[in-house]
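Counted the way numbering that gives the first Met the number 0 counts, the sequence shown spans residues 0 to 88.
The next block holds one structure in the form of structure tokens; read it before the comments.
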Amino acid sequence: MRAKRVTPSLVFAVTVATIGSFQFGYNTGVINAPETILKDFLNYTLEERLEDLPSEGLLTALWSLCVAIFSVGGMIGSFSVGLFVNRFG
Numbered sequence: 000m001r002a003k004r005v006t007p008s009l010v011f012a013v014t015v016a017t018i019g020s021f022q023f024g025y026n027t028g029v030i031n032a033p034e035t036i037l038k039d040f041l042n043y044t045l046e047e048r049l050e051d052l053p054s055e056g057l058l059t060a061l062w063s064l065c066v067a068i069f070s071v072g073g074m075i076g077s078f079s080v081g082l083f084v085n086r087f088g
């Protein structure tokens, strides 16, 4: 039976995965910092367009969508990057 050992490529893969996780958490925190300003903007815009105050539930749902778009964009990018790399080098 071969002895299992830590290879440089394994260390590199774990390091990259860890840094990616920190980046995701940081970006989620950064987008949550201006929450009140962006919610006020959404409230003002919806009030102007609908001529009625939007409900708190609608504002919360829109804000959740704004935060989730970052994750969805990352998922779409991770699935499609292989196509671009193979095509454009």
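Even for Gly, the Cβ is constructed at its ideal location relative to N, Cα and C.
Three-state secondary structure assigned by DSSP to residue i
i	result
Ser141	As displayed, the chain neither begins before 0 nor continues past 88, which places residue 141 out of reach and without an answer.
Gly81	helix
Ala12	helix
Ala60	helix
Ala67	helix
Gly88	coil
Residue range of the unbroken alpha helix (DSSP H) whose run includes residue i
i	result
Thr6	Run containing Thr6: none; DSSP gives neither H nor E here.
Proximity test, Cβ basis, 8 Å: residue i and chain C
i	result
Val5	Here there is only one protein chain, and chain C is not present.
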